[in-house]
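Asks:
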Amino acid sequence: MMVRLNNPFVVYGYKGPEYFCDRVAESNKLCATLRNERNVTLVSPRRMGKTGLIHHVFHLMESEEKDCKCFYIDIFATKSTEQFVQTLGAAVLGKLDSFSQSTFRKIQEFFSAWRPTVTFDQLTGLPNVTLDIKPSEGNESLKRIFDYMKLSGKRCYVAIDEFQQIQYYPQEGLEALLRSYIQFLPNVYFIFSGSRQHMMQEMFLSANRPFFQSAMVMSLGSIEMEEYRIFANRMLGAQRRSIGQEVFRRVYEFAGGITWYVQAILHGIYDHADRTVDETLVDDVVRELVEEQSATFQNYCAWLTDNQLALLKAIARERSVVSPLAQQFIHAHRLPATSSIKTALRALEDKMLISRSATDGYSVSDKLFALWLVQG
Ligand SMILES: Nc1ncnc2c1ncn2[C@@H]1O[C@H](COP(=O)(O)OP(=O)(O)OP(=O)(O)O)[C@@H](O)[C@H]1O
Ligand SMILES: [Mg+2]
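Be aware that the sequence shown starts at 26, since it is given in the working numbering, and climbs by one per residue.
So this is what it looks like as structure tokens:
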């Protein structure tokens, strides 16, 4: 079921291959790796397009490979092993086979200890199976779900997005347990993805962690500028408009090559259907995007301490800072003592308001927020 969009520049979710720009090489690589029985770990800076790529790849695989099943879960909101298992169960059970009375009987039998219940989504009519899992039974029920997938004999691909979240669960050991189950599933392969790059890398690249060398680590970069412009012009063609190289470069550079910002600006440009696509329009659109979110930004600031806010503004003014603890930086922005800045720096990083890159140092994660901070 493909819907024609009024604005073809999608800024939320995945709306089908015709609205998806490039990622041909990345999609091929991901598909090939999964088909060759390997798991994949996907990392990138925020909003680069990990989640979108997963949906795109699953769309391709389900249309090309008969009888394969793709399951996507986002565990960002889960807080414990039970909630993880609930989420996985809801995604997999009842969707592994076409749903029928006999499937449900099979599920009831297989999961009898967890009293499965089925409800049907009022909008989509799709079945949703929930298990009643007690905190002490998380591990056992997890094993049961994997056994169920194994028994199905179907080829399954499971994407677990925001995977780093499992490190915040109060119970320890899920990481090791998952790893040990996953190893023995000959028909199930995984994509692990997460927006906290450091945590993900640590999980998959440290020799002392369970997931070490268990997956191919793929880091997602920017979509190439000219490729993106061609895509943009294909869409703008519907309005008999186009975007020139110079103007597009301005968009791309403002966005730092990060997909979401490029999409958001193009979305705004498309919205101003009666205007010429020039640099003035790009600047107006960026200003509108900042204004749209000013209430959100105000809120962010409300839950910062004075030191944190002062540091954040200083980083925004500099755009990027290699050594925020250096005396020179601290003096230039009249910040308090190094020890306070150290604490504030950690807090801002923890809240994901700033991020660190190996080459440029620290910068404000949200580019629109950065602009707003400098203005205000
Ligand atoms: N190849 C693409 N073509 C067009 N739009 C895209 C593409 N990839 C991603 N997007 C859009 O960009 C936005 C950000 O992408 P996405 O949510 O996939 O990023 P992410 O890396 O998962 O971000 P986060 O780290 O915050 O979870 C989404 O709204 C999506 O619609
Ligand atoms: Mg994501």
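Built from N, CA and C at the ideal position, the CB exists for glycine as well. The model shown is predicted, which means the values in this text are computed figures rather than measured ones.
Among the residues of its own chain, which have a CB less than 7 Å from the CB of I131, if the five just before and after it don't count?
Replies: Position 106 of the sequence shown, counted from the first residue, corresponds to residue 131. In the sequence under discussion, the amino acid at residue 131 is Lys, which differs from the Ile named in the question. Taken in chain order, the list of residues that qualify is empty.
Asks: Anything with a beta carbon under 6 Å from a heavy atom of ligand 2 counts; list them all in chain order.
Replies: Those satisfying the condition are, in chain order, K75, T76, D186, S220.
Asks: Does the beta-carbon of A184 have 16 or more other beta-carbons within 10 angstroms, so that it is buried, or is it exposed?
Replies: Position 159 of the sequence shown, counted from the start, is the residue given in the question as residue 184. So A184 ends up on the buried side.
Asks: What does the Cβ neighbour count give for R180, buried or exposed, with the cut at 16 atoms within 10 Å?
Replies: Indexing the sequence shown from 1 puts residue 180 at position 155. It counts as buried.
Asks: Ligand 4 and S166: does the residue's C-beta get closer than 8 Å to at least one heavy atom of that ligand?
Replies: Absence of ligand 4 is noted for the structure shown, with ligand 1 and ligand 2 being the only ligands found.
Asks: Can you list, in chain order, the residues of its chain whose CB lies under 8 Å from that of G178, leaving out five sequence neighbours each side?
Replies: Taking the sequence shown and counting its residues from 1, the one referred to as residue 178 is at position 153. Within the same chain, G178 has close Cβ partners N212.
Asks: If you compare alpha carbons, which of W397, T301, R371, Q288 is closest to A341?
Replies: In the sequence shown, counting from the first residue as 1, residue 341 sits at position 316. Out of W397, T301, R371, Q288, W397 has the C-alpha closest to the C-alpha of A341.
Asks: Closest to P235 by C-alpha separation, out of V242, S244, L199, would be which residue?
Replies: Along the sequence shown, read from residue 1 onward, the residue named residue 235 stands at position 210. Considering only alpha carbons, the answer is L199.
Asks: When the Cβ atoms of the region 219-231 are set against those of the region 135-150, are three or more pairs found closer than 8 Å?
Replies: The region 219-231 vs the region 135-150: no contact.
Asks: Based on DSSP bridge pairs, tell me the residues matched to P211.
Replies: For the purposes of this step, residue 211 is taken as the residue at position 186 of the sequence shown. In DSSP, P211 forms no bridge with anything.
Asks: Less than 7 Å between C-beta atoms, sequence neighbours within five positions excluded: which residues of the same chain meet that for T112?
Replies: Residue mapping note: residue 112 aligns to position 87 of the sequence shown, counting from 1. Here the set comprises I98, I100, T103.
Asks: Heavy atom of ligand 1 less than 8 Å from the Cβ of L78, yes or no?
Replies: Mapped onto the sequence shown, residue 78 falls at position 53. Checking the Cβ of L78 against ligand 1 gives yes.
Asks: Ends of the alpha helix (DSSP H) at L314?
Replies: Residue numbering aside, residue 314 sits at position 289 when the sequence shown is read from its first letter. Start and end: 304-317.
Asks: On the premise that G282 lies in contact with P314, defined as a C-beta separation below 8 Å, what is that separation, rounded to the nearest angstrom?
Replies: Here residue 314 is taken as the residue at index 289 of the sequence shown, counted from 1. Here residue 282 is taken as the residue at index 257 of the sequence shown, counted from 1. Note on identity: in this sequence residue 314 is Leu, with Pro being the wrong assignment. Incorrect: roughly 17 Å between the Cβ atoms, too far for contact.
Asks: Do the CB positions of F171 and L156 come within less than 9 Å of each other?
Replies: Counted from its first residue, the sequence shown places residue 171 at position 146. Counted from its first residue, the sequence shown places residue 156 at position 131. No, the pair does not count as a contact, with Cβ atoms beyond the cut-off.
Asks: Determine whether the beta carbon atoms of Y173 and V117 lie at a separation below 9 Å.
Replies: Position 148 of the sequence shown holds residue 173. Position 92 of the sequence shown holds residue 117. Yes, Cβ-Cβ distance for Y173 and V117 is below 9 Å.
Asks: Output yes or no for whether 9 Å exceeds the beta carbon distance between T363 and L350.
Replies: For the purposes of this step, residue 363 is taken as residue 338 along the sequence shown, with counting starting at 1. For the purposes of this step, residue 350 is taken as residue 325 along the sequence shown, with counting starting at 1. Against a cut-off of 9 Å, the Cβ pair of L350 and T363 comes out as a contact.
Asks: Name the residue from L230, L373, Q400 whose alpha carbon lies nearest to the alpha carbon of V65.
Replies: Along the sequence shown, one-based indexing puts residue 65 at 40. Answer by Cα proximity: L230.
Asks: With a threshold of 8 Å, establish whether the CB of V82 neighbours any heavy atom of ligand 1.
Replies: Numbered from its first residue, the sequence shown carries residue 82 at position 57. No, the beta carbon of V82 sits no closer than 8 Å to any heavy atom of ligand 1.
Asks: Work out the CA separation of A257 and T58 for me, nearest whole Å.
Replies: To locate residue 58, count along the sequence shown from 1; it is residue 33. To locate residue 257, count along the sequence shown from 1; it is residue 232. Approximately 30 Å between the Cα atoms of the pair.
Asks: Are the beta-carbon atoms of F279 and Y194 separated by less than 9 Å?
Replies: The residue labelled residue 279 in the question sits at position 254 within the sequence shown. The residue labelled residue 194 in the question sits at position 169 within the sequence shown. Taking 9 Å as the Cβ cut-off, F279 and Y194 do not qualify as a contacting pair.
Asks: So, helix, strand or coil for M73, using DSSP?
Replies: Here residue 73 refers to the residue found at position 48 of the sequence shown. Coil.
Asks: Can you give me the C-alpha to C-alpha distance between F129 and K175, rounded to a whole angstrom?
Replies: Here residue 129 refers to the residue found at position 104 when the sequence shown is read from its first residue. Here residue 175 refers to the residue found at position 150 when the sequence shown is read from its first residue. Their Cα atoms are separated by approximately 17 Å.
Asks: What residue from E62, K91, D92, N53 has the CA that sits closest to I79's CA?
Replies: Numbered from its first residue, the sequence shown carries residue 79 at position 54. The shortest Cα separation from I79 among E62, K91, D92, N53 belongs to N53.
Asks: With the cut-off set at 9 Å, would you say N344 and A395 are in Cβ contact?
Replies: Taking the first residue of the sequence shown as position 1, residue 344 is located at position 319. Taking the first residue of the sequence shown as position 1, residue 395 is located at position 370. This sequence places Arg at residue 344; Asn is not what is there. Result yes, Cβ atoms of R344 and A395 sit closer than 9 Å.
Asks: What are the boundary residues of the beta strand (DSSP E) that includes S244?
Replies: Translated into positions along the sequence shown, residue 244 becomes position 219. Start and end: 240-244.
Asks: At which residues does the alpha helix (DSSP H) containing F354 begin and terminate?
Replies: Counting from 1 along the sequence shown, the entry for residue 354 is found at position 329. Looking at the DSSP string, the run of the alpha helix (DSSP H) that includes F354 is 352-357.
Asks: Suppose the cutoff is 6 Å on Cβ atoms and the five residues either side in sequence are ignored; what does the same chain contact list for A298 look like?
Replies: Here residue 298 refers to the residue found at position 273 of the sequence shown. Once the five neighbours on either side are set aside, the close Cβ partners of A298 are Q264.
Asks: Return yes when the C-beta of G150 is under 8 Å from any heavy atom of ligand 1, and no when it is not.
Replies: For this step, residue 150 is matched to residue 125 along the sequence shown. Because no heavy atom of ligand 1 lies under 8 Å away, the Cβ of G150 does not count as near it: no.
Asks: Give every residue of the same chain whose Cβ lies closer than 6 Å to the Cβ of G74, excluding the five residues on either side of it in the sequence, and list them in chain order.
Replies: Position 49 of the sequence shown, counted from the start, is the residue given in the question as residue 74. The residues are T284.
Asks: State the Cα-Cα distance for the pair E165 and Q270, rounded to the nearest angstrom.
Replies: By 1-based counting over the sequence shown, the position of residue 165 is 140. By 1-based counting over the sequence shown, the position of residue 270 is 245. Using only the alpha carbons, I get a separation of about 57 Å.
Asks: Excluding the five sequence neighbours on either side, which residues of its own chain have a C-beta within less than 7 Å of the C-beta of P42, listed in chain order?
Replies: Stepping through the sequence shown from its first residue, residue 42 is reached at position 17. Within the same chain, P42 has close Cβ partners H81, H84.
Asks: Locate the beta strand (DSSP E) running through S137, then write down its first and last residues.
Replies: Along the sequence shown, one-based indexing puts residue 137 at 112. Counting along the chain, S137 falls outside any beta strand (DSSP E), and DSSP gives it neither H nor E.
Asks: Going by CA-CA distance only, name the one from F322, Q352, P361, I355 that's closest to V389.
Replies: Walking along the sequence shown from the start, residue 389 turns up at place 364. Of the listed residues, the one whose Cα sits closest to V389 is F322.
Asks: So, using beta-carbon positions, are F215 and Y182 closer together than 9 Å?
Replies: Within the sequence shown, residue 215 is the residue found at index 190, counting from 1. Within the sequence shown, residue 182 is the residue found at index 157, counting from 1. Yes; because the gap between Cβ atoms is below 9 Å, this pair is in contact.
Asks: For Q189, I'd like the list of residues in its chain whose CB is within less than 6 Å of its CB, leaving aside the five on either flank, ordered along the chain.
Replies: Here residue 189 corresponds to residue number 164 of the sequence shown, with the count starting at 1. Taken in chain order, the residues that qualify are G219, R221, M224, M225.
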